[in-house]
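As structure tokens, this is what we get:
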């Protein structure tokens, strides 16, 4: 059974938006841990609350990735709302999931990641589809996010992108059996079909499959 993450709230009437343009530091001072918003070149974009299917899939992947990280001392996994500051493109985005490898944990601050995550995951909603596939794709590529997953449970479409040596995203495909193997996280793989199951498969079952396929 998937575990729901904390619902993503909207901004309350008691917390008016600051005047814009606002600096990233001013944005962080205004936002709190319950604010689901992003900073875009001095402007603030408020995100819509997530749906139950979105939360189920996010919680499922969070548990899987967190267990992978813990078992291998491979890094840390964080879920939205948590800021990823991409100074190069003047963005403060909140991917649904961020994986920060051990080599980059020193870039974690109290309330944001200073620089790109190694892996960012966006779970598409009708409201976010154009942003996830358009603006964020370009920003994550230019900002140096090494691997980017875009998952759409409504259309059962999964897109995986990996930065090449020139800093451009190249599409990475699952194999003929529907297995996608991460390019940056050794021995991490998922069966894309898992993502569309209802209910989602038990995490402990997948962990056993991972153990059985370890080299």
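Residue numbers (this note's numbering): 895 to 1109.
Just so you know, even glycine gets a beta-carbon here, dropped at the ideal spot from N, CA and C.
Model, not experiment: these values are computed from the prediction.
query	result
8 Å Cβ cutoff met for residue 1078 and residue 1040	yes
Helix, strand or coil at residue 1035 [DSSP, three-state]	helix
With 16 other Cβ atoms within 10 Å as the buried cut-off, status of residue 953	buried
CB contact flag (residue 965, residue 994, <8 Å)	no
At least three beta-carbon pairs within less than 8 Å, the stretch 1051-1069 to the stretch 1032-1039	yes
Residue range of the beta strand (DSSP E) that includes residue 1008	1006-1008
Under the three-state DSSP convention, the category residue 977 falls into	strand
Span of the beta strand (DSSP E), counted from its first residue to its last, around residue 1073	1073-1075
Residue from 986, 967 and 963 with nearest C-alpha to residue 974	986
Straight-line gap, residue 1100 to residue 938 (C-alpha atoms, nearest Å)	39 Å
Closest by C-alpha distance to residue 1047, when choosing among 1053, 924 and 1089	1089
8 Å contact criterion, which residue 979 and residue 1008 should meet: CB distance rounded	6 Å
CB contact flag (residue 998, residue 977, <8 Å)	no
Inter-residue CB distance, residue 1015 and residue 955 (contact presumed, cutoff 8 Å)	6 Å
DSSP three-state assignment for residue 1062, whether helix, strand or coil	coil
Identity of the residue in 935, 920 and 951 nearest residue 1121 by Cα	Residue 1121 is absent from the structure shown; the chain starts at 895 and stops at 1109.
Boundaries (first-last residue) of the beta strand (DSSP E) holding residue 999	It is not in any beta strand (DSSP E) - residue 999 carries neither H nor E in the DSSP assignment.
Neighbourhood of residue 1023 by C-beta distance below 8 Å, restricted to the same chain and skipping five residues each side	1046
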